[in-house]
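Asker: Count the sequence shown with this note's numbering and you get residues 7 to 257, in order.
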Amino acid sequence: MSVTSRVTHRLYKDIAQSLLADIQSGVHPMGARLPAERDLALQYKVSRPVVREAIISLEVRGFVEVRVGSGVYVLSATEDRQVQAGEVSAIELTEARLLVESEVAALAAAHISDTELGELERLVREIEAENATPGGKEEADLAFHLAIARATRNSALVETVERLWDLRSTSREAALLHEKARHANIKPVVDEHTAILDALRERDPRAARAAMRGHLQQVLESLLFATEQRAVDEARASIQAKRDRLSQVTA
């Protein structure tokens, strides 16, 4: 995992908690706009992706609202304990997947059958087809990773991988950032999945581990890029809104 990914994972919850404390103490009252992202990054001495991950955490819990082209506004100072239950961020989730699924791939390399390899080859083609379909889902990507887990012949590992993938949709923090990644046109990379398949085909546990680790490291980097793309989209919307107001005045 890159240094940037580790920093984001380590700090964003601390920043979210600090912002929440300021909201609950009245430093940022209901209806107020939070300081700009760059100002918060300077205040807390962290990178802007860390601030964005913290804002997402507060957004899904109902504390703030992100208004494109305007800023982040305080909605509530009341903690919703029910929302917090089972919440993980996309960064945390992908880090867990990196640790677990890399070893799953290594074990699968020692047990996978030719039939299962054929199924994985078919799923790689389906991933490519889904990528080419506007609004396409990521069902083949999920099936690919679950097929590798089943190839371990270990039901506990299968359940673990299934649970990690379930959290992508059941944890609102994780689901929100993955949604933003799709909005930024970030899709499963066929070449990365092909590299995993090739290592499994060679029955090489070390290569399979490395290929899966490399793939999920890139997923982490893509999620960080999605937070950057979100900021770009907001900046573009803000500029367009200003142009529209100016055109109304000068028309």
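For every residue, glycine included, the Cβ atom is placed at its ideal position computed from N, Cα and C.
#1: What does DSSP give as the partner residues of Arg39 in its beta bridges?
#2: Figure out for me which residue from Arg39, Val164, Asp147 has the closest Cα to the Cα of Val110.
#3: Going by the C-beta, is Ser31 closer than 7 Å to any heavy atom of the ligand MG?
#4: Can you give the Cα-Cα distance for Ile202 and Pro211, rounded to whole angstroms?
#5: Kindly list the residues whose CB is nearer than 8 Å to the CB of Asp28, restricted to its own chain and excluding five residues on each side of it in sequence; keep chain order.
#6: Could you tell me which residues DSSP puts in a beta bridge with Glu71?
#7: Flag this pair as yes or no: are the beta carbons of Glu43 and Leu222 separated by less than 8 Å?
#8: Any idea what DSSP makes of Asp197, helix, strand or coil?
#9: Is the beta carbon of Leu267 less than 8 Å from the beta carbon of Arg207?
#10: At the level of alpha carbons, what is the spacing between Lys186 and Arg54?
Answerer: On the basis of the supplied data:
#1: Tyr79
#2: Val164
#3: Ligands in the displayed structure: none, and consequently the ligand MG is not present.
#4: 10 Å
#5: His34
#6: Tyr79
#7: no
#8: helix
#9: Absent from the structure is residue 267, since the part of the chain shown begins at 7 and ends at 257.
#10: 16 Å
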